[in-house]
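Have a look at the structure below before the remarks.
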DNA sequence: AGCGTATGTTGTGACCGGCAACAAATAGAC
DNA sequence: GTCTATTTGTTGCCGGTCACAACATACGCT
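Protein chains in written order, with the numbering used here: chain A, 1 to 409; chain B, 410 to 818.
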């Protein structure tokens, strides 16, 4: 029997809907869900396809280097034991890069969704030119690529997270105030994949949200709130990122909390950022850096944490107030979207011990479905590396979502 | 060649992914988009399928009674003119029912998306028992069914809109305060389709939103705000209704406008309904019904309109304030969802001359993408019949979305 | 050892879509 | 009026994909 690839090459054009592609994705997804514990027969049962079909699909996935056989399945009942299937930890991997305001992070994730390499460098990007920033990115990316290759991985694509608004196509940065970028077409400037694939581009909060979804679309629906200099959110619906009409969904930093509130640089008044943003918390807690102007994110976030741990009343009050306001706004978001889970990320992650109870209380108080369902407030599993991790994951997810495109180069 | 139906009967089981089903839907969608002006060759061009395949698909759709040939296409260039294809105006149709607080509406929509019958009865349901309300519904549904049958239509399904929260499965009404319904399983109580199909169930605002989307998913993304006794919204993303995790997405009536605002029956303070709801507008305009308690919707909405037309200052001020608050909240919703269009429905439709400018101003002022994109504020094309129409449309849309399920009974 | 059971493979038939060839129907050129 | 170019719709053929059944394989249990 000729290899599947050879056979397909003969096909003149692919039909508008290719069932094989869908079935391959279905089978691969099944393998990913129970990696190492599922057999060909299990795939057949899980997908509803015939055993012979499942077998053929798996053979193709194995031939393409995405799946491998690992021993045999646990034999519980009588009958021939199946050969266990698992995602290949070598093979294609994704590179994620996070160009944040005061640090840059890179991350490599393999096909199984595991982090294989990560590197975070604290560098304040403010005041530096685009060329300089991109050079740093390139340096970090090269380091990651070398490490990945030494580890036997094939980096097949990269994705970049930026603290700003990105157009839906993922080609240009519409606005990243803290990097000084505006309508910048970065599709040619960013490091490409090993085979020349262009880097994907998205907002930091979006990729961070994806880090929580993991490899599969099993994470359900949730709202990921990322506290940074601003306040951003990523919306994940049924494990899939919702990006909106223009790609800037989840921009909640400038939702109005109080029409008569303090003025915001955006030109309006009483924006959420003025209550729950990083600088707002610092100001409310009475923490200044002397000059009283701009702050870096990590050091001062640590400072807040320290003071809170020490029991400083002003800091505790500031966190409580920020949590309450944040919770009130987020409750509205959860109601509108009808999403039952909230994940606190960014600086909110380390501030969660003081922030989360307030958020939880407000959310519960304003949640519509109170009585039938209760919203769940959790803390991000990853820290500063979340955006880079999510970016790297997004690369691998595209392979798992459509393996045929990968198999046919 | 044997008929397609006969051939398919021989097939033992359908594969997990049936390309035929997708292609039939694709072809039918193409017909729907350019009903009466497209030929088989046009379908092929529009879908990317081969002419022979398109022909076979169309033959099956014609055999199934969904499509018919109508004359020939306009002959512009050289070549044989094509036979024009159109959706059948007879054939399957949908029944939509709206059990509103103070009126009941039924509506029949044929396969082309055209309204073939509608009937609105003003009846206040408050204080009436479930049995009584359902009897009314049944009576109206019977009338619609008779009219539809006399018109040569085949009512293949029905959908019911209720002013309240419905579970995601569409089987039970979780809460409809103004009907006095709570956790009511209505799936057996509502009129079924001609072939025993159970009625679909959804929130009034959701179905009203669908009325704006039309038969096809071509309406893009928008937020439909329905002003009733409460304030509800339907979220339509890429022409498809977004229902949320539990089915109660779009419940914006109790979003907090002001944490220190007036108390709301829901137990919280400063909810949107207290500013932009029907009764709030009446109160702010100084319109009372003597007893000062409950109002009906239509008559008092007309009253507001009359006073506004007469230039009553209190009414104009009330509408301006309601519009401003509504616009502020909706701007936040549009930002979160990244949706660029807003449709005003319910009582907001007739109040739009005074409300819309304020809404538009606030939305524009708070819209994030100001500068790159501007939000569009429009008025619902349908009035009180919008929910019933949307409900009926939802039935027909399921056929257009998956014709194979219809063809195989 | 034999039986029942589950797994993986192979061969067959059916369905589906692309392709090419052909008849049909028209516009335009001469 | 006739011929040509062009477009449409149909038909036969072939390749790809999948369901199904039959079979070899490998295990537990008796």
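Just so it is clear, CB atoms sit at the ideal spot from N, CA and C, and this is done for glycine as well.
- Taken in chain order, the whole alpha helix (DSSP H) runs of length 4 or more contained in the segment 768-815 of chain B are 795-810.
- Here the segment 670-686 of chain B lies against the segment 729-748 of chain B, with 3 or more beta-carbon pairs under 8 Å apart.
- Excluding five sequence positions before and after residue 790/B, the CB atoms of its chain that fall closer than 7 Å to its own CB belong to 621, given in chain order.
- Cβ-Cβ distances below 8 Å link residue 251/A to 165, 232, 233 in the same chain, with the five nearest sequence neighbours on each side left out; the list follows chain order.
- 98/A is the residue among 98/A, 343/A, 385/A, 306/A whose C-alpha sits nearest the C-alpha of residue 137/A.
- As the crow flies, the alpha-carbon of residue 203/A is around 8 Å from that of residue 248/A.
- Ranked by how close their Cα comes to the Cα of residue 521/B, the residues 503/B, 496/B, 536/B, 538/B have 496/B in first place.
- According to the DSSP assignment, residue 471/B belongs to the alpha helix (DSSP H) that extends over 460-472.
- Take residue 663/B, set aside five residues on each side of it, and the residues of its chain with a beta-carbon closer than 6 Å to its own are 675, 680, in chain order.
- When DSSP reads this structure, residue 512/B sits in a beta bridge with 531/B.
- Around the beta-carbon of residue 530/B, fewer than 16 other beta-carbon atoms lie within 10 Å, marking it exposed.
- If you check each beta-carbon in the segment 659-680 of chain B against every beta-carbon of chain A, the ones closer than 8 Å belong to 659, 660, 661, 663, 664, 665, 667, 668, 677.
- Annotation: Cβ neighbours of residue 657/B in chain A (cutoff 7 Å, chain order): 338, 368, 369.
- At a cut-off of 8 Å between C-beta atoms, residue 32/A does not count as an interface residue with respect to chain B.
- Out of 82/A, 190/A, 101/A, the CA that lies nearest to the CA of residue 228/A is found in 101/A.
- Going by DSSP, residue 68/A is part of the beta strand (DSSP E) stretching over 67-72.
- When C-beta atoms of the segment 422-442 of chain B are compared with those of the segment 132-149 of chain A, fewer than three pairs fall below 8 Å, so the two segments do not count as touching.
- Annotated as distal: residue 89/A and residue 154/A, with beta-carbon spacing of 8 Å or more.
- Excluding its 5 nearest sequence neighbours in each direction, residue 187/A has C-beta neighbours in its own chain below 6 Å: 171, 198, listed in chain order.
- Taking C-beta atoms as the reference points, residue 753/B and residue 761/B count as a pair closer than 8 Å.
- It is roughly 15 Å from the alpha-carbon of residue 576/B to the alpha-carbon of residue 374/A.
- Taking the CA atoms as reference points, residue 813/B sits about 42 Å from residue 389/A.
- Across the structure, residue 515/B and residue 635/B are spaced so that their CA atoms are roughly 18 Å apart.
- Residue 335/A belongs to the set of residues whose beta carbon lies under 8 Å from a beta carbon in chain B.
- Distance between residue 649/B and residue 318/A, taken at the CA atoms: about 42 Å.
- By the Cβ neighbour-count rule, residue 338/A is buried, with 16 or more other Cβ atoms within 10 Å of its own.
- In the displayed model, residue 760/B falls within a helix according to three-state DSSP.
- Against chain B, the beta carbon of residue 328/A has neighbours under 8 Å at 665, 668, listed in chain order.
- Selection 436/B, 617/B, 631/B evaluated against residue 647/B yields 631/B as nearest (Cα-Cα).
- Residue 649/B is bridged by DSSP to 646/B.
- Of 73/A, 48/A, 43/A, 74/A, the smallest CA-CA separation from residue 59/A is found for 43/A.
- Per DSSP, the continuous alpha helix (DSSP H) segment holding residue 725/B begins and ends at 722-746.
- With respect to the 8 Å criterion, residue 738/B and residue 518/B are not classified as neighbours on the basis of their beta carbons.
- Closer than 8 Å to the CB of residue 781/B there is at least one CB belonging to chain A.
- Buried is the label assigned to residue 429/B, since at least 16 other Cβ atoms lie within 10 Å of its Cβ.
- Proximity of residue 16/A to chain B, defined by a Cβ-Cβ separation below 8 Å, is satisfied.
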